[in-house]
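Participant: Below are the structure tokens for one structure; questions will follow.
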Amino acid sequence: MKIAAFFDQKLLKYLLVGIINTIVGSAIMFSLYNVANLNYWISSACNYFFTGILSFFLNKYFTFGIKHWSAFMVVTFIVNIALSYIIAYGIAKPALKFLLNNCPTKILENSAMFTGMFLFTGINYLGQRLVIFKIKEENYGFN
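Start counting the sequence shown at 11; every next residue gets the next number (the numbering used here).
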């Protein structure tokens, strides 16, 4: 698949869903971290747990136009969310710690969570587009 093929209506719909998820998820994550004083990992994980559910339905029906269900689809979606989260936030925190090594922890971790959101979006989109919602209906047992 050519790179130019990724810049289409599906990407625009995914980004629109992403805006909704970002608003909801940011409110969850930054409130838990800055108001409830939960740690970096719990705050960011809660964001993706709750917005992952929203994302599944919006992307399945609206972005990719998939009408059918299967346990395999749900499991692969969960695995994709988990891997995207681990990779994005696993990269963001050490990278920002290196770049902002003299900053207070709150600034460092807020910056890492913000950066992680962008990394997650790109990684997650590729997983959804190339794996989860690319699979033909026949592969899920539907005709």
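C-beta atoms are modelled at their ideal positions from N, C-alpha and C, and glycine is treated no differently.
As the structure is a computational prediction, the values presented were derived from the model and not from experiment.
What's the gap between the Cα of Tyr58 and the Cα of Tyr95?
Facilitator: Residue 58 sits at position 48 when you count from the first residue of the sequence shown. Residue 95 sits at position 85 when you count from the first residue of the sequence shown. Rounded to whole angstroms, Tyr58 to Tyr95 spans 8 Å at the Cα level.
Participant: Is the beta carbon of Phe87 closer than 8 Å to that of Phe163?
Facilitator: A query on residue 163 cannot be resolved here, the shown segment of the chain reaching from 11 to 153 and no further.
Participant: Return the CA-CA distance between Tyr150 and Phe143, expressed in angstroms with no decimal places.
Facilitator: The sequence position of residue 150 within the sequence shown is 140, counting from 1. The sequence position of residue 143 within the sequence shown is 133, counting from 1. Residue placement at Tyr150 is flagged as unreliable, the pLDDT there being 46, under the threshold of 50; the coordinate-derived value follows with that caveat. The alpha-carbon atoms of Tyr150 and Phe143 are separated by roughly 11 Å.
Participant: Can you list, in chain order, the residues of its chain whose CB lies under 8 Å from that of Leu110, leaving out five sequence neighbours each side?
Facilitator: As a position in the sequence shown, residue 110 is number 100, starting the count at 1. Within the same chain, Leu110 has close Cβ partners Ile117, Leu118, Ser121.
Participant: In three-state DSSP terms, what is Gly75?
Facilitator: Translated into positions along the sequence shown, residue 75 becomes position 65. Of the three classes helix, strand and coil, the one that applies to Gly75 here is coil, per DSSP.
Participant: CB Ser126 to CB Ser36, shorter than 8 Å?
Facilitator: Your numbering for residue 126 matches position 116 in the sequence shown. Your numbering for residue 36 matches position 26 in the sequence shown. The question names Ser, yet the displayed sequence has Gly at residue 126. No. Outside cutoff.
Participant: Classify Gln138 as buried or exposed, calling it buried when 16 or more other Cβ atoms lie within 10 Å of its own Cβ.
Facilitator: The sequence position of residue 138 within the sequence shown is 128, counting from 1. So Gln138 ends up on the buried side.
Participant: Please return the same chain residues whose Cβ sits closer than 6 Å to the Cβ of Lys70, not counting the five positions on each side in sequence.
Facilitator: Position 60 of the sequence shown holds residue 70. Ile76, listed in sequence order.
Participant: Report the residue from Gly100, Thr115, Phe130, His78 whose alpha carbon sits nearest the alpha carbon of Tyr43.
Facilitator: One-based indexing of the sequence shown puts residue 43 at position 33. Closest by alpha carbon: Thr115.
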